[in-house]
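Here is the structure we will look at, set down as structure tokens.
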Amino acid sequence: MPLNEAETRARLIDPRLEAAGWGGDRIAREHYYCRDVQYTPGRIVLRGDRVRRRRGRKVDYLLRFAGFPLAVVEAKAEGEPAERGLEQAKGYARDLGVPFLYATNGHEIIEYDYFIRRSRELPAFPTPDELWRRWLTNTGLAQVTDARRLAEARARYDPTAAEARRRNPLLHPYRPSSLTGKEMRYFQEVAVARILERVMRGQKRILLTMATGTGKTFVAFQVVWKLLRSGWLHRRHPDHPARILFLADRVVLRDQAYNAFSPLAARRSDPRHRIVGQPVPTHYDVYFGIYQTLWSEDEEGHRLYETFPPGFFDLVIIDECHRSGWGTWREILDHSAGAIHLGMTATPKRTDNVDTYAYFCAEEPEVWVDPDDPAKGKRQPPAYEYSLGQGIEDGFLATYKVHQVRTTVDKEGLHLREVLEAGAEVFIPEDVTVREFYTTPQFEREITLPDRTRAMVDHLARLLRRFGPLEKTMVFCVDTDHAQLVSRLLNDHFGHLGYDDYAVPIVAEEGEDARRWLRRFQDSDQKTPVVATTAELLSTGVDVPSCRNIVFMKTVSSPVLFKQIVGRGSRLDPATDKYWFRVIDYTGATRLFDEWDRPPLPPEDTALGPERGTLEGVVIHAETGDRLVGASVSVLLGPNVQRGPIYTDEDGAFRFERLPTGVVTLVVSGPGFRRRQMKVELLEDEVVSVEVPLKEAGEPPLKVRVTGLEVTIADETIFLIEATGESLSLQEYVDYTRRKVVELVGAQHAALLREVWMDPDRRQRFLEDLYRSSIHPDVLAEVMGLGDADGFDLLAHLAFGEPVRTRDERTRAFRNRHQRFLQRYSPEAREVILALLEKYRVGGVEEIADPKVFRLPPFDRMGQIIGVQRRFGGVEGLRQAMRE
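Under the working numbering, residues 1346 to 2229 are what the sequence shown spells out, in order.
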């Protein structure tokens, strides 16, 4: 009789792996296999506000050479063809970034090599040294590693071999979790390997793209640890020790990185240094700075970054590189042009960060965008990419629920003449250009509508009362005034809670108070502040794991900024039981969700047409004519598409290439200057030049102000159909449920639904079909205010107009009408039936359909399932009673 899979692994596969040199004991053997490696925890799935996890992904064997993953093995039972495991193993290998995979039933061994994309049958598993040599040869690293020395050192505890391995960054051990407090996740391990491969091949520009909350800084730390401890960087320049610069554009991000690198420190020494001003000591290994500090001048006009000689740094890590290092501050990167530049970003390549990808991916090989459609051309991808959608699918990131809301004025727009005729008060400042018609993008930028803001805040307050008034919430507002107003109105709503700092505006104008509030807001152990309102400060890089609500009260055109904001909610926080978050959208920002953000069927990108326009220009001071350095310049191509921002160079100049022809909107701003917006027409294959004068800000520009409006909520969208990504209002969701139930039942009356419901197997298949269609009867009952309705009655009511009966009514009716049935059983058996009825009354049919119910009180006191069966004379008697 053939062996089952577990027996096949123990008796046939394990011995063959060990015969090839792969040990099962990772402590005693340096080249080992790990069995049953679960590398994802499983996607978090929402049912209403309740969560469960899907099954995570697990590989039968993972083969490691000195800890470095090289291959996966998929095991099949002895009686099955090994071929059946090949496609499954390919998926695991792609996830884990290994090039070799094997499918085996203990006798047949089939290898697939991703380097040559070919399979072959083997008589035995390859040895660790053989696989390692093949990996080095195919990655181009055979000439830059001690490959021969490693291969020849077969002795288990050969100190020479161990030293050679430790000198290779790929094989040098990670800083262990006992010191970092974090286990390496599979994708982080792949990211580290991809970066180190490029460093070892001599590549100077490298890009890492990983969604917010997936550990970019932790990856950077492990890369630095391996490069420093292996001595690789020092061996490139033996005349001086290895030195590394971590660059950010905000103090809070610099300090977060400094703290994340704390495991570098030993008991008596710390190689880290924060650059805060002159003088700068030069004996540290890892420096942390922000552009603004490095750009600052001393009394003699020397910039701080010039303190370091051009060859001082071997590696420069640029955090949030999609918005850093361009324009003025590019000089800081150019000063260390000979160093390796590792850029890190949380956003995929989009039209508004194309320069970032062009710079950091310039040395990457070109690959087809779509191998099946060469017409789509080629691209140069990052070293590694891990999306928000993949993080959600794997279960490492919180899933999300979208709540879309529109006010009447956002839905219909605002005609000044009409609101004046309706009795509204309109204040128009001098020198302000007035539009006849305003829409959402102009609200709170050009025209302030306090009644609209109050309607939004009133609605948000109702939601927070329903969701939980102490759930951490970020509200993204148009500007400082808007953020302060929203904060004040929310405090008015929740004053009864007794907190002076329930809602706080975290804006630059609040100074030290804002920094103190931010520190408390980030701390999961602090109750307040509960709500942080902001214009820009919280949009990127700030970690608030316990944040459950991301609220848009500002319009967003940039997909990059949108992804950064949504990323504020994506971190899991088990300490506060946070496994999902809400995106509450009052301005239509969630239209920018795309395939990067969600696992289900992504929408296709729409082309903007031929991109053959070029726009260049200079930004000047409107009064003096001086050219402005470091001004922010963006191009709006449409309501959903933005290029930039980029920053003007030392000559005050900027340039955009590959823009679509036609009319675009140029947006320019600078510190201390008023924001300027202008229309520019771009012509095909021509360079359009503009001069943009900016006026000093002085007092903030005045806005048209309208009061006395009647603003209400026009519509809400709550439900997300996962299979299609479609959002529905409650009524649309009810209609969708009606159609789906009729489709699945195959009839226009309730009788057939009743037949399905009465059969446990058919009912289970029917419910599973509903779940796959994002229909959950218990959630529907809750939102419709019918939480005590029976699932059958609810669906029959929605689909066929049947009256709704509560579970309590059904339970009482059963007791009254079926006394004869109850009297057929012994008192002990009747006790079980009545207890099941009570479980049904409280939780519904699914509560009693699950055999695990017999582990719960009062059945646990009856001896659980075995004791319950005895009361019915055996398992068949219990089944018969349950069927009836």
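In this text, a Cβ means the ideal position worked out from N, Cα and C, and glycines have one as well. The structure presented is a predicted model; accordingly, all values stated were derived computationally and were not measured.
Looking at the DSSP output, Ala1877 bridges to Met1819 and Val1849.
Thr2052 is bridged by DSSP to Glu1770. Its chain contains Ile1455 as the residues whose beta carbon lies nearer than 6 Å to that of Glu1466, once the 5 sequence neighbours on both sides are disregarded; these appear in chain order. In the structure shown, the three-state DSSP call for Ile1389 is strand. Between Ala1420 and Asp1440, the C-beta spacing is not below 8 Å. Residues of the same chain with a CB within less than 8 Å of the CB of Phe1782, apart from the 5 flanking positions on each side, are Gly1758, Leu1759, His1760 and Leu1761 in chain order. Under DSSP, Met2023 takes part in a beta bridge, and its partners are Leu2011. For Lys1817, the closest alpha carbon among the candidates Leu2181, Ala1877 and Tyr1731 is that of Ala1877.
Using a C-beta cut-off of 8 Å, the segment 1592-1611 makes contact with the segment 1624-1635, since at least three inter-stretch Cβ pairs fall below that distance.
The beta-carbon separation of Leu1835 and Val1802, rounded to 6 Å, stays under the 8 Å limit for a contact.
When secondary structure is reduced to three states using DSSP, Ala2095 falls in the helix class.
Put simply, the segment 1469-1486 does not touch the segment 1555-1568. Fewer than three CB pairs are less than 8 Å apart. Just so you know, the alpha carbons of Glu2183 and Arg2110 end up roughly 25 Å apart. With distances taken between CA atoms, Arg1361 lies nearest to Glu1453 out of Lys1721, Glu1453 and Leu1431. Around the C-beta of Asp2138, 16 or more other C-beta atoms lie within 10 Å, and the residue is accordingly described as buried.
Per DSSP, reduced to three states, the secondary structure at Asp1664 is coil, with no helix or strand assignment. Annotated three-state conformation of Met1555 is strand, per DSSP. If you draw a straight line from the Cα of Thr1353 to the Cα of Asp1381, it comes to about 14 Å.
At the C-beta level, Thr1935 and Val1747 come within 8 Å of one another.
Lys1899 sits in coil when the DSSP states are folded into three classes, being neither helix nor strand. Sixteen is the threshold: since fewer than 16 other Cβ atoms of the shown chains lie within 10 Å of the Cβ of Gly1722, the residue is exposed. Pro1444 and Ala1351 have their C-alpha atoms spaced approximately 26 Å apart.
Pro2016 and Val2009 have their C-alpha atoms roughly 24 Å apart. By the neighbour-count criterion, in which 16 or more other beta carbons inside 10 Å mark a residue as buried, Ser2034 falls on the exposed side. Contact check for Thr1959 and Phe1999: beta-carbon distance about 11 Å, past the 8 Å limit, so the pair fails to qualify.
When DSSP states are grouped into helix, strand and coil, Met1529 belongs to the coil group. In this structure, the beta-carbon distance from Leu2131 to Arg2083 does not fall below 8 Å. Each of Gly1424, Gly1442, Val1417 and Glu1423 was checked against the Cα of Leu1431, and the nearest Cα belongs to Val1417.
DSSP, read as helix, strand or coil, puts Val1905 in helix. Going by C-alpha positions, Pro1693 is about 15 Å away from Ala1536.
Note that the segment 1557-1566 touches the segment 1907-1920; at least 3 beta-carbon pairs, one per stretch, sit closer than 8 Å. Beta-carbon to beta-carbon, Lys1899 and Met1689 are separated by about 26 Å, too far to satisfy the 8 Å threshold. Burial check for Met1529: the Cβ neighbour count within 10 Å reaches 16 or more, so the residue is buried. When DSSP states are grouped into helix, strand and coil, Arg1780 belongs to the coil group. By DSSP's assignment, Leu1446 forms a beta bridge with Val1417 and Tyr1457. The alpha-carbon separation between Thr1525 and Ile1929 amounts to approximately 35 Å.
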